[in-house]
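Sequential numbering of the sequence shown, starting at 1, is according to this note's numbering.
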Amino acid sequence: MREKYEPVIGLEIHAQLKTDSKIFCGCSTRFGDEPNSNTCAVCLGLPGSLPVLNRKAVEMAARAALSLNLRVNEESIFSRKNYFYPDLPKGYQISQYDRPFSEHGWVEIPTSERNQSGHAIEWRMKRFRITRLHIEEDAGKSIHEGMAESATKSYVDLNRSGVPLAEIVSEPDFRSSWEAYDYVQYLRRTLQYIGVCDGNMEEGNLRCDANVSVRLRGAEAFGTKVELKNLNSFRFLQRAIEYEIDRQIALLEAGEKVLQETRLWNERDSKTFSMRSKEEAHDYRYFPEPDLPPLVVTRELIERTGREMPELPEARRRRFIEQYELSVDDAAQLIDTRAMADYFEEAARASGNAKAAANWILNELVRELKNSGADISRSPVTASSLAELIKMIELGTISGKMAKEMLVEMYSTGKSAEEIARERGGAQISDEAEIRQLVEKAVADNPKQVEAYRAGKTSLVGFFVGQVMKASGGRANPQVINRVLKDVLEGEGQKG
Ligand SMILES: [Zn+2]
């Protein structure tokens, strides 16, 4: 049945801009404070109070807009969106409507369907258009559960009232739940990279609504769309869209109609349920906000913002594949956060072996981080310390197996690779005479390699270092080995 129909999905994302103070007053935006403590006459909507626009919010919105290839309008206006709700003290929300902050953006990102076990089937690049990004204020929060008199009362916390948001509206370009999932992931990562949003769906500083409809494959007209709300994790988003596609197809197949409405996702029942019939724009009686002048963004600000833009995750992913010859999957994992990507690049540079750095981070370090619930930016094993470990393996100072054990120890103790190697293997042998004996034996035991080395295959030096290391139980000082080896191999070569 699925093949007969084509899903059409559009996404609206509300991203909380990471300013210290609210958009129209000086109240703090801190999460988790005592309810209603971060409020004033402006964000409580008291009569006679006037909004003053927070410049930082505009700068962050400009950064977000440019990172998504949106065109920032030099002049935009704020509008009042009128509706009644207990957590909206003014009875309207200051938003933008017919002249938004920015328009006509797009992203081109990798996306893939997933198999039963959730693994990507085949990544391909797809472009999704972004209609607009505008600036608005958040409403307060209604609390229906968990309070002393929740059975009979609802509670309102207005700390969130007036927190700045960027609303990012896409075109209906998504054709599957996984495309929507990949897009929201990408958006979140980008906003985190450029430092304008924490992207934490559980804390509600990134929220997503999806408009879902289905139509017969090949049809041009869109079907009736349903708005899905309450999608407060990536998993919910994907599952709710999937459920909704099936629900709508089943209705149409039964000869029934899809109603235009807003539905909520219920995770416990794995179902969407109807919340209300969907408002049309005219229900909100938008009109220009009389208390704020038009928002003028100078060319200079836009140009400066463009110049200061860091490398974006998608560009970085492609560069990792090209520059470090990483696999598509490894590159995708390493750019997951900016801290992870920075860590990788530092370890790759310091060790001179990008592939090893990628493997060690993704296979060993990530597991340790997961076990201790830490972020890579606070890893007890620094990038340079990991690079040191990688170099020791390459020199043959330690085996790969030993290195894995050492990494676990480095992680739990914060000690360097060399410290741990010393403790484990007893004192390091740096005595030149002792090492020379081992070197001479390695040379005598391997005449073929000696010949090849002297014929110009100098990369064999690593082989000899390894032999000496093995013979010394991993304790010989690699620098001394290298010096003596060169001496023995090249010195005797001249004599012969
Ligand atoms: Zn305030």
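All C-beta atoms, glycine included, are put in the ideal place defined by N, C-alpha and C.
Item: Touch check for the region 302-322 and the region 192-207: three-plus C-beta pairs under 8 Å?; Value: yes
Item: What is the C-beta distance between residue 182 and residue 131, in whole angstroms, given that I count them as a contact (C-beta under 8 Å)?; Value: Wrong, their Cβ atoms sit about 19 Å apart, outside the cutoff.
Item: Leaving out five residues on either side along the sequence, give the residues of the same chain with a beta carbon under 8 Å from the beta carbon of residue 411.; Value: 365, 368, 372, 379, 380 and 381
Item: State the CB to CB distance for the pair residue 171 and residue 10, rounded to an integer number of angstroms; the pair is presumed to be in contact (CB under 8 Å).; Value: 6 Å
Item: Please report the straight-line C-alpha distance between residue 335 and residue 392, rounded to a whole angstrom.; Value: 26 Å
Item: Would you give the residue range spanned by the beta strand (DSSP E) that residue 93 belongs to?; Value: 92-95
Item: Mapping DSSP to helix, strand and coil, what is residue 282?; Value: helix
Item: What is the rounded straight-line gap between the Cα of residue 432 and the Cα of residue 109?; Value: 56 Å
Item: Please tell me whether residue 498 and residue 398 are closer than 8 Å, where the distance is taken between their beta carbons.; Value: Since the displayed the chain opens at 1 and closes at 496, residue 498 lies outside it and no answer follows.
Item: What does the shell around ligand 1 hold, if a residue joins when its beta-carbon is under 5 Å from any heavy atom?; Value: 25, 27, 40, 42 and 43
Item: To the nearest angstrom, how far is it from the Cα of residue 221 to the Cα of residue 273?; Value: 25 Å
Item: Nearest CA to the CA of residue 47: which residue from 291, 233, 445 and 234?; Value: 291
Item: Would you list the one or two residues that DSSP bridges to residue 218?; Value: Answer by DSSP bridge pairing: none, since residue 218 is not bridged.
Item: Express the C-alpha separation of residue 319 and residue 457 in angstroms, rounding to a whole number.; Value: 32 Å
Item: Using 8 Å as the threshold, is the region 91-104 in touch with the region 63-80, meaning 3 or more CB pairs across them?; Value: yes
Item: Note down the Cα distance separating residue 113 from residue 246, rounded to an integer number of angstroms.; Value: 17 Å
Item: Can you tell me where the beta strand (DSSP E) with residue 5 in it begins and where it stops?; Value: 5-16
Item: Would you call the region 81-92 and the region 158-173 in contact, with 3 or more CB pairs under 8 Å?; Value: yes
Item: Give me, in chain order, the residues of the same chain whose beta-carbon lies closer than 7 Å to that of residue 91; leave out the 5 immediate sequence neighbours on both sides.; Value: 82 and 84
Item: Please list, in chain order, all residues of the same chain as residue 383 whose beta carbon is under 6 Å from its beta carbon, the five residues on each side excluded.; Value: 343, 346 and 347
Item: Just reading off the beta strand (DSSP E) that residue 447 is part of, what are its end residues?; Value: Where residue 447 is concerned, there is no enclosing beta strand (DSSP E), although the alpha helix (DSSP H) it sits in stretches over 447-454.
Item: By the DSSP assignment, the alpha helix (DSSP H) with residue 157 in it spans what residues?; Value: Residue 157 -> not in any alpha helix (DSSP H); beta strand (DSSP E) instead, spanning 155-157.
Item: Here's the rule I'm using: 16 or more other beta-carbon atoms within 10 Å means buried, otherwise exposed. How should residue 503 be labelled?; Value: The structure shown does not extend to residue 503, since the chain is modelled only from 1 to 496, so the question has no answer here.
Item: Between 244, 219, 215 and 218, which has its C-alpha nearest residue 228's C-alpha?; Value: 244
Item: From what residue to what residue does the beta strand (DSSP E) around residue 82 run?; Value: 79-82
Item: Can you name the start and end residues of the alpha helix (DSSP H) that residue 386 belongs to?; Value: 383-395
Item: For the region 297-325, list the alpha helix (DSSP H) runs that are entirely contained and at least 4 residues long, ordered along the chain.; Value: 299-307 and 313-324
Item: Checking 8 Å against the spacing of the C-beta atoms, do residue 167 and residue 12 come in under that value?; Value: yes
Item: DSSP state of residue 174, grouped into three classes?; Value: strand
Item: Identify every run of the alpha helix (DSSP H) within the region 10-57, keeping only runs that are complete inside it and at least 4 residues long; order them along the chain.; Value: none
Item: Does the count of Cβ pairs from the region 260-277 and the region 223-239 closer than 8 Å reach three?; Value: yes
Item: Does DSSP classify residue 346 as helix, strand or coil?; Value: helix
Item: For residue 137 and residue 94, which I take to be in contact (beta-carbon distance under 8 Å), what is that distance rounded to the nearest angstrom?; Value: 5 Å
Item: Buried or exposed, going by whether 16 or more other CB atoms sit within 10 Å of the CB of residue 125?; Value: exposed
Item: Does the region 438-453 come into contact with the region 353-364, if we say contact requires no fewer than three beta-carbon pairs (one atom in each stretch) closer than 8 Å?; Value: no
Item: Between residue 114 and chain C, is there a C-beta pair that is closer than 8 Å?; Value: The chain labelled as chain C is not found in the depicted structure, where only one protein chain is given.
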